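Asker: Please read through the structure below; I'll follow up with questions.
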Amino acid sequence: MPTAAPPLPARWPARLHIITGKGGTGKTTVAAALALALASEGRRTLLVEVEQRQGIAQVFDRAPLPYEERAIATGYPGTASGGGGEVFALAVDAEEALLEYLDIFYRLGRAGRALQKLGAIDFATTIAPGVRDVLLTGKVKEAVTRTVDGRRVYDAVVLDAPPTGRVGRFLNVTAETARLTRVGPIKTQSEGVATVLRSPMTAVHVVTLLEEMPVQETADAVAELQRLKLPVGSIIINATQPPLLRQGRLTRAEVRRGLLAAGLPADREVVTGLVQQAEAYLERQALEDSLRAELTALGRPMVELPLLTEGVRPSNLYDLARILLEAPAPVGRPG
Amino acid sequence: MTAMVESARPEALAPATRLDVDRLLADPDIRVIVCCGSGGVGKTTTAAALGVRAAEEHGRRTVVLTIDPARRLAQSLGLAELDNTPRRVTTVRSGELFAMMLDMKRTFDEVVAAHTDPQRAEEIYVNPFYQAMSSTFAGTQEYMAMEKLGQLRAQDEWDLIIVDTPPSRSALDFLDAPSRLGRFLDGRMLRLLAAPARTGGRSVFSLVTASFGLFSKLMDKILGAQLITDLSGFVGALDSMFGGFRERAEQTYRILQAPETAFLVVAVPEPDAIREADYFAGRLAAEKMPLAGLLLNRVHYSATQAIDGPTAIQASERIRAEHPVAADVLLVHARVLARAEREREIAARFTQAHPSVPIATVAAQPVDVHDIDGLRAIGAALAGS
Numbered sequence: 000m001p002t003a004a005p006p007l008p009a010r011w012p013a014r015l016h017i018i019t020g021k022g023g024t025g026k027t028t029v030a031a032a033l034a035l036a037l038a039s040e041g042r043r044t045l046l047v048e049v050e051q052r053q054g055i056a057q058v059f060d061r062a063p064l065p066y067e068e069r070a071i072a073t074g075y076p077g078t079a080s081g082g083g084g085e086v087f088a089l090a091v092d093a094e095e096a097l098l099e100y101l102d103i104f105y106r107l108g109r110a111g112r113a114l115q116k117l118g119a120i121d122f123a124t125t126i127a128p129g130v131r132d133v134l135l136t137g138k139v140k141e142a143v144t145r146t147v148d149g150r151r152v153y154d155a156v157v158l159d160a161p162p163t164g165r166v167g168r169f170l171n172v173t174a175e176t177a178r179l180t181r182v183g184p185i186k187t188q189s190e191g192v193a194t195v196l197r198s199p200m201t202a203v204h205v206v207t208l209l210e211e212m213p214v215q216e217t218a219d220a221v222a223e224l225q226r227l228k229l230p231v232g233s234i235i236i237n238a239t240q241p242p243l244l245r246q247g248r249l250t251r252a253e254v255r256r257g258l259l260a261a262g263l264p265a266d267r268e269v270v271t272g273l274v275q276q277a278e279a280y281l282e283r284q285a286l287e288d289s290l291r292a293e294l295t296a297l298g299r300p301m302v303e304l305p306l307l308t309e310g311v312r313p314s315n316l317y318d319l320a321r322i323l324l325e326a327p328a329p330v331g332r333p334g
Numbered sequence: 000m001t002a003m004v005e006s007a008r009p010e011a012l013a014p015a016t017r018l019d020v021d022r023l024l025a026d027p028d029i030r031v032i033v034c035c036g037s038g039g040v041g042k043t044t045t046a047a048a049l050g051v052r053a054a055e056e057h058g059r060r061t062v063v064l065t066i067d068p069a070r071r072l073a074q075s076l077g078l079a080e081l082d083n084t085p086r087r088v089t090t091v092r093s094g095e096l097f098a099m100m101l102d103m104k105r106t107f108d109e110v111v112a113a114h115t116d117p118q119r120a121e122e123i124y125v126n127p128f129y130q131a132m133s134s135t136f137a138g139t140q141e142y143m144a145m146e147k148l149g150q151l152r153a154q155d156e157w158d159l160i161i162v163d164t165p166p167s168r169s170a171l172d173f174l175d176a177p178s179r180l181g182r183f184l185d186g187r188m189l190r191l192l193a194a195p196a197r198t199g200g201r202s203v204f205s206l207v208t209a210s211f212g213l214f215s216k217l218m219d220k221i222l223g224a225q226l227i228t229d230l231s232g233f234v235g236a237l238d239s240m241f242g243g244f245r246e247r248a249e250q251t252y253r254i255l256q257a258p259e260t261a262f263l264v265v266a267v268p269e270p271d272a273i274r275e276a277d278y279f280a281g282r283l284a285a286e287k288m289p290l291a292g293l294l295l296n297r298v299h300y301s302a303t304q305a306i307d308g309p310t311a312i313q314a315s316e317r318i319r320a321e322h323p324v325a326a327d328v329l330l331v332h333a334r335v336l337a338r339a340e341r342e343r344e345i346a347a348r349f350t351q352a353h354p355s356v357p358i359a360t361v362a363a364q365p366v367d368v369h370d371i372d373g374l375r376a377i378g379a380a381l382a383g384s
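Residue numbers (numbering that gives the first Met the number 0), protein chains in the order written: chain W, 0 to 334; chain H, 0 to 384.
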């Protein structure tokens, strides 16, 4: 193990970063980029997914991940000589997590496998979805707090969490299990998880696009997380593009003159098409401005990531990681 | 809807045949249309738009069953809110349109009531397991959506039932959840757990007695004894209904396979949505369920083919000092071209895998749909008129 890693970046002070967002907003990409950012300067980072989608493997263009922590990338700036720490990845499976849990607490060994054959594990994690969530978040908590020889194994953990619609229930583990059981190890376990999730070591970040539904869901999620007393971190606006046509007046005559000056076709049809397209763009941009204002009103630190026009590639993730690292530090307290 | 990006549509998706949405909606032999696809692709809006068009243009008495609509959609239909009963939509210009929203818990209660006596039903309703399962069990929503579809079809009051499917994590859940829940409800584990309640704590299943003893002890340890008691009570109360659940799941499955049903896969030209659509098309074929076509929402088109992207970007730089507005207009054009090109490549993954599946597209709208005019416009765009 390397010598002690530097403190976490001022912009991202939490040790457990939970990334949620409406489906399709790119939360897995953002989670991967944040893991690369946190792994800069030699920090060891773990990137976790819990929905069996193999999203991490796809983002890094790798074969599907097993239920095992393995090194998947080197942190920003992407070369060992530049001081990037290792990023490990883990796809948590609820059944495997339950078996592991049984093994640790009950020394079950082979009997656990026998139960799995009988369908008992599937049964136990299906009958009570709250139990499944406690197992998944429990595994994440274990990784965050794990130590070897008195030193933390991971300096930071990034969780690619369920989407905004389900994240409140997913993280509100004690409430879900309390409905089913008032005593017993699952209850104790869920209380331990809840303590970590509600502590300053955790931050829940919401990824959104500048579109109506994702912004609405972001506002709903922030309100729900605050109600559940879970620490809300940043709002990350994904896939933005620099604004155009902020100045000057859009007229057919001006577009036509410009086309002629450039030696391009400037017949009626082309000019009409380009002007209509630009008008639609301006309408869209006005909507995006008002959506950005709605997000600002939520009072959380914001960071904008650019659209990756050629799709997500492992190399682009480092560009996003750099932007996340260089974003100005938040003012005020989380929550 | 003012500035919908028009024209230049033929270049998109050239190899596929165009889906004739109007013919589908007008066909009296089609009684059920199921809209499926991944979350966030506009399934609910599409289902509502198809409903408006079926009622207004084709005079079909139509009901739209939505799963989890934004409140805005209810408002766009002129309804204060949607509930578990079909409500008449009065904002349509002609024809009869009804809309409803699935209430998962209430539908489950109805199923219970239909399969057992009132006293048993009451016992079931208050059981914490029933409460947890009827509101949170992964798959309950899918199962109840299919249950509701079965009920509506059995009433035979509608010419056409349009179903929006739950925002499942994957298409698989939607098809599998009903049978999974059915399997679960009459599964071996539940019977094992129910056994102690019925035989005074001794399992009668000799084959698995040893394992069960261990299992039971474990469940006690992990979950607590109270929970096992509740669970046994729940299973005991549901015992009489086991057969019923499976039978109903199978009935609904047969409706889905019938020629009177048409599946529409809804997608947007984004990698995840297309991957789901591709998967779903393959799965429907394997299940012998009738796929009518792909509805592709939010497609971007460029206004002109006369100037290509690199040319636009170079020209923009040349004229920026003298003509800043025209320079930006060219950059907007380059962005739209790039986006349209990327979307075409992504959509081609579907058309190459399923060349015989017809497609209808809707151009991206600058703003979301907020009223019935918006739904009508989407319906018209789907129909290609």
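A virtual CB, placed ideally from N, CA and C, is assigned to each residue, including glycine. Since the structure is predicted, the reported quantities are computational estimates derived from the model, not experimental observations.
What is the DSSP secondary structure of H:Pro9, counted as helix, strand or coil?
Answerer: Model confidence at H:Pro9 stands at a pLDDT of 41, short of 50, so the residue's coordinates are unreliable; what they give is reported in the following sentence. Looking at H:Pro9 - three-state DSSP - the assignment turns out to be coil, as it is neither helix nor strand.
Asker: According to DSSP, what are the bridge partners of H:Gly292?
Answerer: H:Leu263, per the DSSP bridge assignment.
Asker: Straight-line CA distance for W:Leu319 to H:Gln250?
Answerer: Straight-line Cα distance between these residues: approximately 50 Å.
Asker: Are W:Tyr75 and W:Leu324 closer than 9 Å when you measure CB to CB?
Answerer: In this structure, W:Leu324 lies closer than 9 Å to W:Tyr75 by Cβ.
Asker: Is it the case that the Cβ atoms of H:Tyr266 and H:Leu295 are separated by a distance below 9 Å?
Answerer: The sequence as given places Ala at residue 266 of chain H; Tyr does not occur at that position. Yes, these two residues count as a Cβ contact at 9 Å.
Asker: Taking C-beta pairs closer than 8 Å, name the residues in chain H that W:Thr136 reaches, listed in chain order.
Answerer: Residues of chain H passing the Cβ test: none, with the nearest at roughly 16 Å.
Asker: Inspect the CB distances between the stretch 44 to 63 of chain H and the stretch 367 to 377 of chain H and report whether three or more fall short of 8 Å.
Answerer: Taking 8 Å as the limit for Cβ pairs, the verdict is that the stretch 367 to 377 of chain H does touch the stretch 44 to 63 of chain H.
Asker: Just to confirm my understanding: we take H:Ser37, look at its own chain, exclude 5 residues before and 5 after, and list those with CB closer than 6 Å. What are they?
Answerer: Taken in chain order, the residues that qualify are Ala272 and Glu275.
Asker: Count Cβ pairs between the stretch 153 to 164 of chain W and the stretch 213 to 228 of chain W that sit closer than 8 Å; are there 3 or more?
Answerer: Because the criterion of three Cβ pairs below 8 Å is met, the stretch 153 to 164 of chain W and the stretch 213 to 228 of chain W touch.
Asker: Determine whether the Cβ of H:Ala346 lies closer than 9 Å to any Cβ atom of chain W.
Answerer: No, because no Cβ of chain W sits closer than 9 Å to the Cβ of H:Ala346.
Asker: For the candidate residues W:Ala32, W:Met301 and W:Ala260, whose alpha-carbon lies nearest to that of W:Leu158?
Answerer: Checking every option, the nearest Cα to that of W:Leu158 belongs to W:Ala32.
Asker: Please list the residues of the stretch 320 to 331 of chain H that have a C-beta atom closer than 7 Å to any C-beta atom in chain W, keeping them in chain order.
Answerer: So the list reads Glu321, His322, Pro323, Val324, Ala325, Ala326, Asp327, Val328, Leu330 and Val331, given in the order they occur along the chain.
Asker: At the level of alpha carbons, what is the spacing between H:Tyr124 and H:Ala113?
Answerer: Rounded to whole angstroms, H:Tyr124 to H:Ala113 spans 13 Å at the Cα level.
Asker: With 9 Å as the threshold, decide whether the Cβ of H:Pro354 is near any Cβ in chain W.
Answerer: Not closer than 9 Å to any Cβ of chain W, the Cβ of H:Pro354 fails to qualify, so no.
Asker: I need the DSSP call for H:Glu109, collapsed to helix, strand or coil.
Answerer: In the structure shown, H:Glu109 sits in a helix (DSSP, three-state: H, G or I).
Asker: Please go through the same chain and pick out, in chain order, the residues whose beta-carbon is closer than 8 Å to the beta-carbon of W:Pro5, but skip the five residues on each side of it.
Answerer: Same-chain partners within the cutoff: Glu40, Gly41 and Arg42.
Asker: Report yes or no: is there a C-beta of chain W within less than 9 Å of the C-beta of H:Pro365?
Answerer: Answer yes: the Cβ-Cβ gap between H:Pro365 and chain W drops below 9 Å somewhere.
Asker: Looking at H:Val298: is its Cβ nearer than 9 Å to the Cβ of H:Ala363?
Answerer: The answer is yes: Cβ separation under 9 Å.
Asker: Output, in sequence order along the chain, the residues in the stretch 28 to 62 of chain W whose CB is closer than 8 Å to any CB in chain H.
Answerer: Per Cβ criterion, the list reads Glu50 and Arg52.
Asker: Report yes or no: do the stretch 16 to 26 of chain H and the stretch 60 to 74 of chain W share at least 3 C-beta pairs separated by less than 8 Å?
Answerer: The stretch 16 to 26 of chain H vs the stretch 60 to 74 of chain W: no contact.
Asker: Starting from H:Thr106, find everything on chain W with Cβ-Cβ shorter than 7 Å and list it in chain order.
Answerer: In chain order: nothing, as chain W lies at least about 19 Å away.
Asker: If we call anything under 9 Å between Cβ atoms a contact, is W:Leu281 one with W:Glu210?
Answerer: Not in contact: W:Leu281 and W:Glu210 (Cβ atoms no closer than 9 Å).
Asker: Quick check: the Cα distance between H:Phe279 and H:Gln74, rounded to an integer number of angstroms?
Answerer: Near 31 Å, if we compare the C-alpha coordinates of H:Gln74 and H:Phe279.
Asker: Mind listing the chain H neighbours of W:Ala261? Cutoff is C-beta to C-beta under 7 Å, in chain order.
Answerer: Result: Ala314, Arg317 and Ile318.
Asker: With a Cβ-Cβ cutoff of 9 Å, do W:Ile234 and W:Leu297 count as a contact?
Answerer: Yes; because the gap between Cβ atoms is below 9 Å, this pair is in contact.
Asker: Enumerated in chain order, which unbroken segments of the beta strand (DSSP E) with a length of 3 residues or greater are wholly contained in the stretch 82 to 127 of chain H?
Answerer: Whole beta strand (DSSP E) segments, 3+ residues: 96 to 100.
Asker: Taking C-alpha atoms, which residue in H:Val91, H:Glu95 and H:Leu64 lies nearest to H:Thr84?
Answerer: Out of H:Val91, H:Glu95 and H:Leu64, H:Leu64 has the C-alpha closest to the C-alpha of H:Thr84.
Asker: Would the stretch 323 to 343 of chain H and the stretch 242 to 261 of chain W be scored as touching if the rule is three or more Cβ pairs under 8 Å?
Answerer: They touch, by the three-pair rule.
Asker: Report the residue from W:Asp266, W:Gly54 and W:Ala38 whose alpha carbon sits nearest the alpha carbon of W:Phe87.
Answerer: Minimum Cα distance to W:Phe87 is reached at W:Ala38.
Asker: Kindly indicate which residue of H:Val111, H:Phe128 and H:Pro127 has the alpha-carbon position closest to the one of H:Ala120.
Answerer: Per the Cα distances, H:Val111.
Asker: Check whether chain H comes within 9 Å of W:Leu258, counting only Cβ atoms and requiring the distance to be less than that.
Answerer: It does: the Cβ of W:Leu258 has a partner Cβ on chain H nearer than 9 Å.
Asker: Could you name the residues of the same chain whose beta carbon sits closer than 7 Å to that of W:Ala326, not counting the 5 residues immediately before and after it, in chain order?
Answerer: Excluding residues within five positions, the ones whose Cβ falls inside 7 Å are Arg10 and Val302.
Asker: Which parts of the stretch 331 to 362 of chain H are runs of the beta strand (DSSP E), unbroken and 3 residues or longer, counting only runs that do not cross its ends?
Answerer: You should have 358 to 362.
Asker: From the beta carbon of W:Ala193, is the nearest beta carbon of chain H less than 9 Å away?
Answerer: Cβ-Cβ to chain H under 9 Å: no for W:Ala193.
Asker: Classify W:Pro63 as buried or exposed, calling it buried when 16 or more other Cβ atoms lie within 10 Å of its own Cβ.
Answerer: W:Pro63 is exposed by the Cβ-count criterion.
Asker: Establish whether the CB of W:Thr271 and some CB of chain H are separated by less than 9 Å.
Answerer: Yes, contact with chain H.
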